[in-house]
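**Student:** Protein chains in written order, with our numbering: chain P, 18 to 319; chain S, 492 to 759.
Every residue gets a Cβ at the ideal spot worked out from N, C-alpha and C, and that includes glycine.
Input: one structure, supplied below.
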Amino acid sequence: MAIAATAGSLAARERTARRRMVNSTMTAVLWGAALSIIVLLIFFVGYIFYLGVPVISWHFLTSPPSEVAAGGGIGPEIYNSFYILVLTLIFTTPVATAGGIYLQEYARPGPFTSLVQFCAESLSTIPSIVMGLFGMLVFVDLFHWHFSAIGGALTLTILNLPALMRVTQEALQTVPTTYREGSMALGATKWQTIRRVVLPSAIASLTTGIVLIAGRIFGETAALIFTAGTSVSVGRSAYDLGLFHQAETLSVHLWYTHSEALVPDVTKIGNGSALVLLVMVLLFNISARVLGRALTKRLTGK
Amino acid sequence: MTATMYAPRAMPEVDADGDVKLCVDGLSVYYGNFQAIKNASLKVPENCVMALIGPSGCGKSTFVRALNRMHDLSPDVRVEGTVTLDGEDIYAKDVDPVTIRHRIGMVFQRANPFPKSIFENVVYGPRIHGIRNRKRLMEIAERSLRHAALWDEVKDRLDKSALDLSGGQQQRLCIARVLAVEPEVILMDEPASALDPIATSKIEDLIGDLKREYTVVIVTHSMQQAARISDYTAFFLMGELVEIGKTRDIFFKPRDKRTEDYITGRYG
Numbered sequence: 018m019a020i021a022a023t024a025g026s027l028a029a030r031e032r033t034a035r036r037r038m039v040n041s042t043m044t045a046v047l048w049g050a051a052l053s054i055i056v057l058l059i060f061f062v063g064y065i066f067y068l069g070v071p072v073i074s075w076h077f078l079t080s081p082p083s084e085v086a087a088g089g090g091i092g093p094e095i096y097n098s099f100y101i102l103v104l105t106l107i108f109t110t111p112v113a114t115a116g117g118i119y120l121q122e123y124a125r126p127g128p129f130t131s132l133v134q135f136c137a138e139s140l141s142t143i144p145s146i147v148m149g150l151f152g153m154l155v156f157v158d159l160f161h162w163h164f165s166a167i168g169g170a171l172t173l174t175i176l177n178l179p180a181l182m183r184v185t186q187e188a189l190q191t192v193p194t195t196y197r198e199g200s201m202a203l204g205a206t207k208w209q210t211i212r213r214v215v216l217p218s219a220i221a222s223l224t225t226g227i228v229l230i231a232g233r234i235f236g237e238t239a240a241l242i243f244t245a246g247t248s249v250s251v252g253r254s255a256y257d258l259g260l261f262h263q264a265e266t267l268s269v270h271l272w273y274t275h276s277e278a279l280v281p282d283v284t285k286i287g288n289g290s291a292l293v294l295l296v297m298v299l300l301f302n303i304s305a306r307v308l309g310r311a312l313t314k315r316l317t318g319k
Numbered sequence: 492m493t494a495t496m497y498a499p500r501a502m503p504e505v506d507a508d509g510d511v512k513l514c515v516d517g518l519s520v521y522y523g524n525f526q527a528i529k530n531a532s533l534k535v536p537e538n539c540v541m542a543l544i545g546p547s548g549c550g551k552s553t554f555v556r557a558l559n560r561m562h563d564l565s566p567d568v569r570v571e572g573t574v575t576l577d578g579e580d581i582y583a584k585d586v587d588p589v590t591i592r593h594r595i596g597m598v599f600q601r602a603n604p605f606p607k608s609i610f611e612n613v614v615y616g617p618r619i620h621g622i623r624n625r626k627r628l629m630e631i632a633e634r635s636l637r638h639a640a641l642w643d644e645v646k647d648r649l650d651k652s653a654l655d656l657s658g659g660q661q662q663r664l665c666i667a668r669v670l671a672v673e674p675e676v677i678l679m680d681e682p683a684s685a686l687d688p689i690a691t692s693k694i695e696d697l698i699g700d701l702k703r704e705y706t707v708v709i710v711t712h713s714m715q716q717a718a719r720i721s722d723y724t725a726f727f728l729m730g731e732l733v734e735i736g737k738t739r740d741i742f743f744k745p746r747d748k749r750t751e752d753y754i755t756g757r758y759g
C-alpha cells in the first residue's frame with residue numbers, strides 16, 4: 018500500500034515533479050552564481066593586463082619615480098614593498114605562531130583564553146586606516162621616528178598579528194588528535210609532541226596561510242600612508258636597508274600618484290603599478306601552494 | 492550509587508604464580524558530572540594478557556586509558572582511586588606522567604601512524620628518549636618490526652610513508668612503535684576492531700607472543716577474541732566492573748548473572 022501511495026497517486030507524482038524542478042532550478046542558480054564570479058574575475062584581470070602590459074618596460078620597473086615630469090618608474094616602490102613585507106614577517110611570524118600554538122595546544126578553556134580570543138578577533142576587524150592613524154600617533158609622533166620603514170612595518174605587524182595567529186590555530190586544528198595521543202602515549206612530552214609531530218603535520222597549511230597573509234601585507238595601503246610615508250628617497254639612495262628612512266610602497270604609490278602627484282602620466286603609472294601588484298599577489302598565492310606541497314612531501318614522506 | 496544494588500565484591504583473586512604488575516584500587520573516572528567508571532578494583536599479573544570485555548559504552552576504554560594517565564590530556568576528565576605499577580602509585584603527586592607512559596605503552600583503536608616514514612615512526616620513541624646513533628636506531632627498528640611481525644613486509648621500503656601501508660600493517664607498525672620504547676605494560680584499546688579477519692589473526696598471534704616479555708591489557712568487543720588470547724578477563728557493564736577471573740572461568744562458569752547473560756548473548 019505504501020508503495021502504491023508514493024508511486025501511484027497523482028499527488029505523489031506531482032510532488033516528485035516539483036522536487037525535480039526545484040532541484041534543477043537550484044543547480045542552475047548556483048551554477049550561474051559561480052559562473053558570474055568567474056566571468057567578473059576574468060574581465061577584471063584581463064582589463065588590468067590590457068591596460069598595464071603596454072606600460073611595463075625595464076625602464077618603468079627600475080627607475081625612480083618622478084615628481085613633476087612624465088616618465089617616472091616604480092623601482093624603489095617595488096623594493097620598498099618587499100622590504101616592508103620582510104620586516105613585517107620577521108616581526109609577526111614568531112609572535113603570531115607562538116601565540117597560536119599557546120592558544121591551540123596549551124590554553125585550557127576559560128575566561129582568560131576567551132578574553133585573548135575575543136581581543137584577537139576584535140583587533141582583526143579594525144579598519145587598516147584606523148591602524149595607520151594609530152601607527153602615526155605612536156611611531157611618527159610619540160617616538161619621533163617620522164615616516165619610516167620600521168614604523169610602517171610595525172603598524173602592519175599589529176594589523177596582521179591576529180590574522181596570523183588565527184591561521185596558526187587553524188593549521189594546528191587540522192592535525193588529528195590521534196597523532197598527539199600516539200606521541201604522548203610513547204612517553205613524549207608536550208613540547209616534543211608539538212615540535213616533532215604536530216608542527217610538521219601543520220607546516221603546509223601554516224606556510225600557505227603565512228604566504229597568503231604576505232600577499233595581503235604586500236598590497237596594504239591605508240596603514241602605510243601615514244607611517245611609512247609617500248616618498249622614496251629623501252637625501253639617500255632609494256635602495257638601502259635604512260629602517261628610519263621613508264619607504265613608499267607600490268600600493269601607496271598607486272594611491273599617491275592618483276591623489277596628490279603632479280606628474281602628467283598618472284594613468285599610465287597607475288595601470289602599470291596595478292598590473293605589477295596583481296602579478297605579485299598572484300605569485301604569492303601560487304608559491305603558497307607550491308611551497309605547502311613541497312613541505313608536506315619533505316616532512317611527512319607522503 | 493547504583494552499584495549498591497549488588498553486594499560489593501571482594502577484590503578478585505589472582506593466581507599466585509605471577510607477580511602483580513598493575514594494581515587498580517577503587518578507580519572512578521568522571522566526565523564532568525557523569526561517572527564513567529564506578530569504583531573498579533583489579534590486579535593484573537605480570538606476563539599475562541588481560542582482556543576487558545563489555546558492551547559499547549560500558550567504560551572499558553575509559554578504564555584502560557586511566558592506566559597510563561591518558562585522561563590527563565583532557566581537561567574535563569577526573570580520575571579518583573589509585574593505580575600502582577610495581578607497587579608505585581602512578582597518580583602520586585611527584586610522578587611525571589611522561590615517565591609512566593614510557594613504561595606503559597598504548598596501542599589505539601584506530602591505527603595512528605605519524606605522517607612520517609615507516610622507519611621514523613618506529614624510532615620516534617627511542618629518538619625522543621635521547622638515542623641519536625643511526626646504527627643503534629636501525630637495530631631498534633629492525634628488532635621492533637621483526638617482533639611485530641612486520642619486518643619482512645616493509646624491510647625494503649623503510650623510508651616510504653607509513654600512511655601508504657594497509658590498515659593491518661599500520662596497526663602492527665603502531666605496535667612496533669610501542670615495542671621500540673621497551674615498555675613494561677602494553678595497553679591495547681580494541682586494536683583489531685577496524686581490521687579484516689586475516690589482519691586480526693596476525694595481531695592476535697602477536698599478542699600471544701608479547702606476553703612472554705610484556706604484560707598486556709586489551710580492550711575488545713569480541714568475546715571470541717578475549718577467549719582466544721587472554722589469560723584473565725574482566726567484564727564491565729555500565730561503568731561497573733562486574734566480574735573478573737581466569738578467562739575460562741568467566742566463559743564457562745561465570746558467577747554473576749549479568750556476566751552470564753552477556754556471554755550467552757543476551758546483551759549487545
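Are any of the Cβ atoms in chain S nearer than 8 Å to that of residue 205(P)?
**Tutor:** Interface residue, yes.
**Student:** For the beta strand (DSSP E) containing residue 723(S), list its first residue and its last residue.
**Tutor:** Taken as a continuous stretch (DSSP letters only), the beta strand (DSSP E) holding residue 723(S) covers 723 to 728.
**Student:** Could you tell me if residue 48(P) is buried or exposed, where buried requires 16 or more neighbouring beta carbons within 10 angstroms of its beta carbon?
**Tutor:** Residue 48(P) should be labelled exposed.
**Student:** CA-CA distance, residue 725(S) and residue 612(S)?
**Tutor:** In a straight line, the C-alpha of residue 725(S) is about 32 Å away from that of residue 612(S).
**Student:** Where are the alpha helix (DSSP H) runs, 4 residues long or more, that stay fully inside the segment 554 to 614 of chain S, in chain order?
**Tutor:** Within the segment 554 to 614 of chain S, the complete alpha helix (DSSP H) runs of at least 4 residues are 588 to 594 and 609 to 613.
**Student:** Which whole runs of the alpha helix (DSSP H) in the segment 643 to 670 of chain S are 4 residues long or more, in chain order?
**Tutor:** DSSP runs (the alpha helix (DSSP H)) wholly in the segment 643 to 670 of chain S: 658 to 670.
**Student:** Tell me whether residue 134(P) sits in a helix, a strand or coil according to DSSP, three-state version.
**Tutor:** Correct three-state label for residue 134(P): helix.
**Student:** Going straight from the alpha carbon of residue 754(S) to that of residue 728(S), what length do you get?
**Tutor:** Residue 754(S) and residue 728(S): Cα-Cα distance of roughly 12 Å.
**Student:** Whole angstroms are fine: how far does the CA of residue 185(P) sit from the CA of residue 72(P)?
**Tutor:** Rounded to whole angstroms, residue 72(P) to residue 185(P) spans 39 Å at the Cα level.
**Student:** Would you call residue 495(S) buried or exposed, if buried means 16 or more other Cβ atoms sit within 10 Å of its Cβ?
**Tutor:** The predicted model places residue 495(S) with a pLDDT of 39, which falls under 50 and marks its position as unreliable, so this point remains unresolved.
**Student:** CA-CA distance, residue 63(P) and residue 57(P)?
**Tutor:** If I take the Cα positions, the gap works out to 10 Å.
**Student:** Under the DSSP definition of a beta bridge, which residues are partnered with residue 679(S)?
**Tutor:** Partner(s): 598(S) and 709(S).
**Student:** Using a Cβ-Cβ cutoff of 7 Å, what residues of the segment 593 to 605 of chain S are near chain P? List them in chain order.
**Tutor:** Listed by position along the chain: 593, 596, 597, 599, 601, 603 and 605.
**Student:** Should residue 33(P) be labelled buried (16 or more other beta-carbon atoms within 10 Å of its own) or exposed?
**Tutor:** Flag for residue 33(P) reads exposed.
**Student:** So, is the C-beta of residue 309(P) closer than 8 Å to a C-beta in chain S?
**Tutor:** With 8 Å as the cut-off, residue 309(P) does not count as an interface residue toward chain S.
**Student:** Taking C-alpha atoms, which residue in 540(S), 722(S) and 527(S) lies nearest to residue 675(S)?
**Tutor:** Comparing Cα positions, the closest option is 540(S).
**Student:** Nearest to residue 687(S) by alpha carbon, out of 575(S), 661(S), 749(S) and 583(S)?
**Tutor:** Residue 661(S) is the option with its Cα nearest to residue 687(S).
**Student:** Could one say the Cβ of residue 668(S) lies closer than 8 Å to chain P's Cβ atoms, at least one of them?
**Tutor:** For residue 668(S), the answer is yes, since a Cβ of chain P falls inside 8 Å of its Cβ.
**Student:** Whose C-beta lies closer than 6 Å to the C-beta of residue 139(P) among residues of the same chain, with five residues either side of it excluded?
**Tutor:** Same-chain partners within the cutoff: there are none.
**Student:** On the premise that residue 141(P) lies in contact with residue 115(P), defined as a C-beta separation below 8 Å, what is that separation, rounded to the nearest angstrom?
**Tutor:** Actually they do not touch by this definition, with Cβ atoms about 17 Å apart.
**Student:** Under 8 Å, CB to CB, which of the residues in the segment 114 to 137 of chain P have a partner in chain S?
**Tutor:** For the segment 114 to 137 of chain P, which is checked against every Cβ of chain S, the residues closer than 8 Å are 125 and 126.
**Student:** From residue 89(P) to residue 83(P), what does the alpha carbon distance come to, in whole angstroms?
**Tutor:** Their backbone Cα atoms lie some 4 Å apart in a straight line.
**Student:** Would a C-beta distance cut-off of 8 Å place residue 240(P) and residue 65(P) closer than the cut-off?
**Tutor:** Not in contact: residue 240(P) and residue 65(P) (Cβ atoms no closer than 8 Å).
**Student:** Tell me where the alpha helix (DSSP H) around residue 229(P) begins and ends.
**Tutor:** 216 to 236 is the span of the alpha helix (DSSP H), which, as asked, contains residue 229(P).
**Student:** Of all Cβ atoms in chain S, is any one closer than 8 Å to the Cβ of residue 218(P)?
**Tutor:** Chain S, which has a Cβ nearer than 8 Å to the Cβ of residue 218(P), makes this yes.
**Student:** Would you tell me roughly how many angstroms separate the C-alpha atoms of residue 5(P) and residue 308(P), rounded to the nearest one?
**Tutor:** Residue 5(P) lies beyond the range of chain P shown here (18 to 319); nothing can be said about it.
**Student:** Do you know how far the Cα of residue 600(S) is from the Cα of residue 645(S)?
**Tutor:** So the two alpha carbons sit approximately 22 Å from each other.
**Student:** Could you name the residues of the segment 177 to 199 of chain P whose beta carbon sits closer than 8 Å to any beta carbon of chain B, in the order they occur along the chain?
**Tutor:** No chain B appears in this structure, whose protein chains are P and S.
**Student:** Hey, quick one: how far does the alpha helix (DSSP H) through residue 84(P) stretch, first residue to last?
**Tutor:** Counting along the chain, residue 84(P) falls outside any alpha helix (DSSP H), and DSSP gives it neither H nor E.
**Student:** In whole angstroms, what is the alpha-carbon distance linking residue 176(P) and residue 145(P)?
**Tutor:** So the alpha carbons of these two residues sit roughly 7 Å apart.
**Student:** For a quick check, are the C-beta atoms of residue 169(P) and residue 255(P) less than 8 Å apart?
**Tutor:** Cβ distance not < 8 Å, so residue 169(P) and residue 255(P) don't count as in contact.
**Student:** Do the CB positions of residue 203(P) and residue 614(S) come within less than 8 Å of each other?
**Tutor:** The answer is no: Cβ separation not under 8 Å.
**Student:** Taking the alpha-carbon positions, what's the residue 520(S) to residue 548(S) distance?
**Tutor:** Taking the straight line from one Cα to the other gives about 13 Å.
**Student:** Answer with yes or no whether the minimum CB distance from residue 202(P) to chain S is below 8 Å.
**Tutor:** True, the Cβ-Cβ gap to chain S drops below 8 Å.
**Student:** Between the segment 147 to 154 of chain P and the segment 115 to 132 of chain P, are three or more C-beta pairs nearer than 8 Å?
**Tutor:** No, because fewer than three Cβ pairs between the segment 147 to 154 of chain P and the segment 115 to 132 of chain P fall closer than 8 Å, the two stretches do not touch.
**Student:** Who are the neighbours of residue 561(S) on chain P, taking C-beta pairs under 8 Å?
**Tutor:** In chain order: 198, 201 and 202.
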